[in-house]
Amino acid sequence: IAARAHVETERMHRLLRDLLDYARADETQPANVDLVELIEEAARTVRHQVSFRNRDVTLKITEVPPVRGEAPKLHQVLVRVSDDGEGVKPENLGKLFEPFFTTRPPGKGTGLGLAITHRIVEQHGGRIEVSSKPGVGTVITIRLPVAR
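Residue numbering for the sequence shown is 247 to 394, as defined by our numbering.
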């Protein structure tokens with residue numbers, strides 16, 4: 247029972263954090279951000295998460311110029327991510343960035359992750375492109391303007 251209570255407490259904490267992140271007012275303090283460093287740090291972070299323990303996280307980073315933005319917000323957003331998972335059904339592609347949209351069972355996702363990502367990218371003057379084939383995988387590409 248104690249282990250289950252811990253799992254549920256963590257789930258509620260994650261949900262509340264996601265809701266607050268989504269609703270939080272923008273307190274912009276932009277600076278030049280080194281994306282290579284940021285991506286490497288983000289990869290180190292996800293490698294330690296339970297959902298990535300049995301996954302191969304590989305980075306292929308080419309020369310990337312700095313962008314103007316907020317590093318803590320951009321840390322939540324990777325520039326291009328691809329997987330060989332089940333892909334996204336065509337009827338769900340248009341809903342991916344809607345708050346609370348999820349195809350996961352109750353308790354397994356809030357449906358806020360991609361909505362938050364989309365908002366952060368837009369706040370930084372960028373855009374997100376999604377390419378997916380059911381049964382093959384998904385590629386999400388994030389384009390951000392280069393710092394001047």
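Heads up, the beta-carbon is just placed ideally off N, CA and C, and yes, glycines get one too.
- Task: May I have the straight-line CA-CA distance separating L342 from L265, to the nearest angstrom?
- Result: 17 Å
- Message: For G371, count the other beta carbons within 10 Å of its own beta carbon; 16 or more makes it buried, fewer makes it exposed. Which is it?
- Response: exposed
- Item | Euclidean distance between Cα positions of L339 and V376 | 8 Å
- Message: With DSSP as the reference, identify every bridge partner of A277, one or two as the case may be.
- Response: G315
- Task: Note the first and the last residue of the continuous beta strand (DSSP E) segment covering I386.
- Result: G383 to R389
- R394: first and last residue of the uninterrupted beta strand (DSSP E) it sits in: That residue, R394, is in no beta strand (DSSP E); it is neither H nor E in DSSP.
- Can you list, in chain order, the residues of its chain whose CB lies under 8 Å from that of G359, leaving out five sequence neighbours each side? D264
- Nearest to V334 by CA position, among E287, S378 and R257, is which residue? S378
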